[in-house]
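Converting from the sequence shown to my numbering requires adding 31 to each position, the first position being numbered 1. Glycine included, each C-beta is placed from N, C-alpha and C at the ideal position. Report on the structure given below.
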Amino acid sequence: MNIYTQHQQELAETLRPSASRSDWTDWKWHVRHSIKTVDDFEKVLGVSFSEKQKKLYKMTLAKFPMSVTPYYLSLIDREDFENDPIFMQSFPCVEELKIGRYDMTDPLHEDRDSPVPGITHRYPDRVLFHVSNTCAMYCRHCTRKRKVGDRDSIPTREVLEKGIEYIRNTPRVRDVLLSGGDPFLLSDDRLDWLLTEIGKIEHVEVVRIGTRTPVVLPYRITEDLVEMLKKHHPLWINTHFNHPRELTASSRRALQRLADAGIPLGNQSVLLAGVNDCQRLIKTLNQKLVKNRVRPYYLYQCDMSEGLTHFRTPIGKGIEILESLRGHTSGFSVPTYVVDAPGGGGKIPVMPNYIVSWGPNKVVLRNYEGVITTYHEPTTYESSYCDRECSKCNLQLKEDDAEEKAIGIEKLLSDWDDTTSLTPWDNERMGRRDDVA
Ligand SMILES: *Cc1c(COP(=O)(O)O)cnc(C)c1O
């Protein structure tokens, strides 16, 4: 049952005196009535800012626009709104205008790693496909802040077709991640068409959708949507809860519908100063997610995007949080903590160190309680030499011999490649060699 509280009713009526319960549970009503100005925000939340504050907020909005669904706004605690995690994620803050020395407009080089508009192809076997340029709510901590409200239009069918064509012509792509913007702001029909077209590509084994609608617009998860999604398995969905307060009756119901449709659910949180930078809070959040059949997938270090400086924590905070999770709670309540490498290097996992030391025969490890223990390496293990000819190997992986070349550290470890070092191309020493040659 969706909850429509007295508070939500009042709030809806401030927006539109004739608003009814069925308006409130209609996702399109929320999109149409999203709050985009400081004046409307004041009116709807029932608070007032000083003229000076308002001027600063408006300056911030001129650079980074605002859009909040009435539903998400209704979760703000009016009594202490300035510290409210919902408020902080949705309402501008003048700190956004302070561009830090290391801030970048596109820290992850998503635009530079883009072979065709809308596609970011960073990893060997998977692509990010930006299928929508808009979101139900503009997160103040958005890493793609540069784009928010900029081209607030749904990509044309031609653009999407070009993306699909790229995937079709790139056999290494076995995993397609639909992102945006929020793919669930597309109509059911448009999404159905996209999933059908991608589904026809033989080498695509799995499709994922990243959406924040279960958090900011849970009414988007309609029965019709879910019925349509069910036709496109294997389909995975990742959502974006950052605070336990976001798990309301309505959002839990949205999650239930998705899970009941057999869609594996994951969550990607962002570690945000003043919002969720607390061990206990993250533990509670992850336990609540698991209770709702959502597997915590990633905890992101906040990116070095312009306007996010005030949200950033040291990486040490994230490591401390991970230390308080592993061992202390169910293993599947522990996400992987990642730093998305500035410059487009992709996600780098970071965690506490568990290997204390290492000798030829023994590995010394520690656990979450501080117990230090020894693992004896086997004396009988014979490492087989791998030349990547699986047909000659006893492990019965009955696949064709591997053709792809290994890259990175995998290559240094391999038996069949003689590379012994990876050297940055602009290494000064290498430069001197070229000068001599
Ligand atoms: C995060 C991301 C992916 C998916 O990474 P996984 O670790 O497989 O979840 C793919 N492409 C880009 C550009 C990404 O940022």
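Check your understanding: Going by the beta-carbon positions, is the gap between THR100 and ALA43 smaller than 8 Å?
Key -> In this structure, THR100 keeps its C-beta atom at 8 Å or more from the C-beta atom of ALA43.
Point to revise | Integer-rounded CB distance, given that VAL69 should sit under 8 Å from ARG28 | key: Limits of the chain in this structure are 32 at one end and 468 at the other, which puts residue 28 out of reach.
Check your understanding: Under the criterion of a Cβ to heavy atom distance below 7 Å, does GLY157 qualify as lining ligand 1?
Key -> The identity of residue 157 in the sequence shown is Arg, whereas the question assumes Gly. Yes; taking the cut-off as 7 Å, the Cβ of ARG157 has a heavy atom of ligand 1 nearer than that.
**Study point:** Delimiting residues of the alpha helix (DSSP H) encompassing GLY297
**Key:** No alpha helix (DSSP H) holds GLY297; the beta strand (DSSP E) holding it covers 296-301.
Exercise for review: Look up PHE160 in the DSSP assignment and give the residues it is bridged to.
Suggested key: ILE150 and LEU209.
Review point. Pick from TYR328, PHE95 and TYR416: whose alpha carbon is nearest that of LEU444?
Key: Among TYR328, PHE95 and TYR416, the Cα nearest to that of LEU444 belongs to TYR416.
**Study point:** Straight-line Cα distance separating GLU337 from ARG177
**Key:** Between ARG177 and GLU337, the C-alpha separation is close to 8 Å.
Exercise for review: Enumerate, from N- to C-terminal direction, the unbroken alpha helix (DSSP H) stretches of 4 or more residues contained entirely within the segment 245-280.
Suggested key: Fully enclosed alpha helix (DSSP H) runs of 4 or longer: 254-261.
Exercise for review: Assign ARG175 to buried or exposed, taking buried as 16 or more other Cβ atoms, counted over all protein chains shown, within 10 Å of its Cβ.
Suggested key: Buried, by the Cβ-count rule.
Exercise for review: Taking VAL207 and VAL246 to be in contact with their CB atoms under 8 Å, please state how far apart those CB atoms are, rounded to whole angstroms.
Suggested key: About 23 Å separates the two Cβ atoms, so there is no contact after all.
Check your understanding: Which value, in whole angstroms, describes the spacing of the CA atoms of VAL147 and HIS161?
Key -> In a straight line, the C-alpha of VAL147 is about 11 Å away from that of HIS161.
Exercise for review: State yes or no: is the C-beta of LEU248 within less than 8 Å of the C-beta of ALA292?
Suggested key: Contact: no.
Practice item. Determine the closest residue to CYS173 out of HIS407, SER121, GLU192 and LEU286, with distance taken between C-alpha atoms. Key: Closest by alpha carbon: SER121.
Review point. If you run the structure through DSSP and keep just helix, strand and coil, what is ASP432?
Key: DSSP places ASP432 outside both helix and strand once states are collapsed to three, so it counts as coil.
**Study point:** Whole-number beta carbon distance between VAL321 and LEU296, since they are thought to touch under 8 Å
**Key:** Separation of the CB atoms of LEU296 and VAL321 is rounded to 10 Å, and the pair is thereby denied contact status at 8 Å.
Point to revise | Bridge-paired residues (DSSP) for LYS393 | key: Within the DSSP secondary-structure output, LYS393 pairs in a beta bridge with HIS407.
Check your understanding: Leaving out the 5 sequence neighbours to the left and right, which residues in its chain are closer than 6 Å to GLY241 when beta-carbon positions are compared?
Key -> The answer, listed in chain order, is SER210 and ASN269.
Exercise for review: Kindly indicate which three-state DSSP category MET135 falls into: helix, strand or coil?
Suggested key: In the structure shown, MET135 sits in a strand (DSSP, three-state: E or B).
Exercise for review: Go through its chain and collect everything with a Cβ distance to GLN318's Cβ below 7 Å, but skip five positions before and after it.
Suggested key: THR360 and SER364.
Point to revise | Three-state secondary structure assigned by DSSP to ARG419 | key: Residue state, collapsed to three classes: coil.
Review point. Going by C-alpha distance, which of ASP137, ASP111, TRP456 and ILE150 is nearest LEU339?
Key: Ranking the options by Cα distance to LEU339, first place goes to ASP137.
Review point. Mind checking SER98: buried by the 16 CB within 10 Å criterion, or exposed?
Key: Classified as buried, SER98 has 16 or more neighbouring CB atoms from the shown chains inside 10 Å of its CB.
Check your understanding: Does the separation of the CB atoms of GLU408 and ASN384 fall below 8 Å?
Key -> Cβ distance not < 8 Å, so GLU408 and ASN384 don't count as in contact.
Check your understanding: How many angstroms separate the CA atom of MET119 from the CA atom of ILE346?
Key -> Spanning the two alpha carbons is a distance of roughly 21 Å.
Check your understanding: Going by Cα to Cα distance, which pick from ARG143, ASP144 and THR187 is closest to ASN164?
Key -> Per the Cα distances, THR187.
Point to revise | Same chain, Cβ closer than 7 Å to ILE232, neighbours up to 5 away in sequence not counted | key: ILE198 and ARG199.
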